[in-house]
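To start, the structure under review is shown below, and the notes come after it.
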Amino acid sequence: MREVIAAHGLSASKALGQNFLFDEQLLSRIAAIPGDLSGRNVLEIGPGPGGLTRALLRAGANVTAIEMDRRCLPALAELGEAFPGQLTVIEGDALKIDHDAIFNGEPYAILSNLPYNVGTALFTRWMGGEEWPPNWTSLTLMFQQEVAQRIVAQPGGSAYGRLAVLAQWRATAKLAMKVHRSAFTPPPKVMSAIVHVEPATMPEGVSAAKLEQATAAAFGQRRKMLRQSLKGVPGALDALEALHIEPTRRAETLDIGEFVELARFLTASS
Ligand code: SAM
22 MREVIAAHGL
32 SASKALGQNF
42 LFDEQLLSRI
52 AAIPGDLSGR
62 NVLEIGPGPG
72 GLTRALLRAG
82 ANVTAIEMDR
92 RCLPALAELG
102 EAFPGQLTVI
112 EGDALKIDHD
122 AIFNGEPYAI
132 LSNLPYNVGT
142 ALFTRWMGGE
152 EWPPNWTSLT
162 LMFQQEVAQR
172 IVAQPGGSAY
182 GRLAVLAQWR
192 ATAKLAMKVH
202 RSAFTPPPKV
212 MSAIVHVEPA
222 TMPEGVSAAK
232 LEQATAAAFG
242 QRRKMLRQSL
252 KGVPGALDAL
262 EALHIEPTRR
272 AETLDIGEFV
282 ELARFLTASS
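When you read off a place in the sequence shown, starting at 1, and then add 21, the result is the number in my numbering.
In structure tokens:
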């Protein structure tokens, strides 16, 4: 990969959040996280010069990669030639593209090593919406470690919040691998970790929008008691009473099951 970078004169762009991975063993281990990819559709966001892409192609996946830095396209085209018929590259901003449409409704796995802000925005989009299960079968995503810990967090700690509820109320979220900052070129300031998410059954009678409204309000004032933080959510105080949830509790003490119950009550009474 270092040779590819040198041959194509690719210097990492800070503005595009480029921190590249070159270690082939590490990249193969990442590509193995979703299980056997042979013959499966994979969406990779931000392939850069193609380190992870190559590992995915070697694993036998049919990869569609979205990259917004056109400097990377020649290197990706060479990779495509080495794996005929397996790689499609789309030049563009992954935030502006309809991912389901790429695969014509067929299932696909998503893998990505993305800049922090884009990763969180895409994650929120993939995990949101009323339709469930989604067309994607798994998300395998690199985040800065602190964000990864917020995604897999359990109730009771400061890491537990909206991201944890969003990630876990109808999916399983695991911390699959920690990645040391020195594995990247150039090394970022912070440690990274890969989160692996698979869709689970969506609880019945719960609107995702209501759940989002309740968690946003509750964690928006996380130090306040629920009777205060949920004041602005119509029906929420009645829901606490009906569900025997003490209004003096704080958001971070409610487990995901309790948030789901709260959202179900709000859904039924709206
Ligand atoms: N996957 C490569 C690797 O692991 O070595 C590159 C990772 S680098 C952290 C992130 C890549 O995402 C860069 O190549 C960058 O140009 C690309 N990128 C950043 N924002 C993007 C966006 N909105 N849509 C598509 N690609 C994006």
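We treat Cβ as the ideally placed atom computed from N, Cα and C, and that holds for glycine.
None of these values were measured; they are calculated from a predicted model.
Going by beta carbon distance, what residues of the same chain come within less than 8 Å of residue i, once the five residues before and after it are set aside?
i, result
"L264", "E279, E282, L283, F286"
"K210", "R202"
"R50", "M198"
"T74", "E65, P68, V84, A86, L97, L100, L108"
"I118", "I87, I111"
"L58", "A52, L77, A80, G81, A82, A130"
"A27", "none"
"Q249", "Q242"
"R91", "E112"
"K245", "R271"
"G150", "A229"
"P208", "N40, R202"
"P95", "H29"
"G253", "A238"
Looking only at its own chain, which residues have a Cβ that is under 6 Å from the Cβ of residue i, when we skip the five neighbours before and after it?
i, result
"G104", "Rather than Gly, the amino acid found at residue 104 in this sequence is Phe. These residues qualify, in order along the chain: L78."
"A197", "I54, I215, H217"
"C93", "G69, P70"
"G182", "F240"
"P136", "G38"
"L232", "A284"
"P268", "L247, R248, L261"
"V200", "S213"
"K195", "H217"
Please check the pair residue i and residue j, which I expect to be a contact at CB under 8 Å, by giving their CB distance rounded to whole angstroms.
i, j, result
"Q166", "M212", "4 Å"
"M89", "N134", "That belief does not hold up - the Cβ atoms of M89 and N134 are roughly 14 Å apart, past 8 Å."
"M148", "G72", "In fact, because the Cβ distance is near 26 Å, the residues do not count as touching under 8 Å."
"L143", "L116", "7 Å"
"A33", "T158", "The Cβ separation is near 31 Å, so there is no contact."
"F1", "N40", "Not covered by the structure: residue 1. The range shown for the chain is 22 to 291."
"A238", "L47", "The Cβ separation is near 41 Å, so there is no contact."
"A257", "A289", "That pair is no contact at about 13 Å."
"L184", "T161", "Contact flag wrong, Cβ pair sits at about 17 Å."
DSSP three-state label for residue i, please.
i, result
"W157", "strand"
"Y129", "strand"
"Q107", "coil"
"N62", "strand"
"P135", "In the sequence under discussion, the amino acid at residue 135 is Leu, which differs from the Pro named in the question. Three-state result, L135: coil."
"T269", "coil"
"F43", "coil"
"M163", "strand"
"E112", "strand"
"E151", "coil"
"I118", "coil"
"A257", "helix"
"A298", "Given a span of 22 to 291 for the chain in the structure shown, any question on residue 298 remains unanswerable."
"Q175", "coil"
"F124", "coil"
"A33", "coil"
"G278", "helix"
"A180", "coil"
"G38", "coil"
"M264", "Residue 264 is actually Leu in this sequence, not Met. The answer is coil: DSSP assigns L264 none of H, G, I, E or B."
What does a CB cutoff of less than 7 Å around residue i pick up in its chain, not counting 5 residues either side in sequence?
i, result
"P176", "E273, T274, L275, D276"
"A260", "L283, F286, L287"
"A180", "Q170, R171, A174"
"G302", "No answer is possible for residue 302: it lies beyond the span of the chain, which begins at 22 and ends at 291."
"F43", "M22, R23, G72, T206"
"H120", "L64"
Could you tell me whether any Cβ in chain B is nearer than 7 Å to the Cβ of residue i?
i, result
"S179", "Going by chain labels, chain B is absent from the structure shown, which holds only one protein chain."
State whether the stretch 104-111 contacts the stretch 83-90, with contact taken as three or more CB pairs (one from each stretch) at a distance under 8 Å.
-> yes
Would you call the stretch 154-170 and the stretch 95-104 in contact, with 3 or more CB pairs under 8 Å?
-> no
Continuous beta strand (DSSP E) assignments of at least 3 residues falling wholly in the stretch 191-253 | 192-200, 213-220
Kindly confirm or deny that the stretch 154-163 and the stretch 217-237 touch, where touching means at least three C-beta pairs closer than 8 Å.
-> yes
Which whole runs of the beta strand (DSSP E) in the stretch 48-97 are 3 residues long or more, in chain order?
-> 62-66, 83-88
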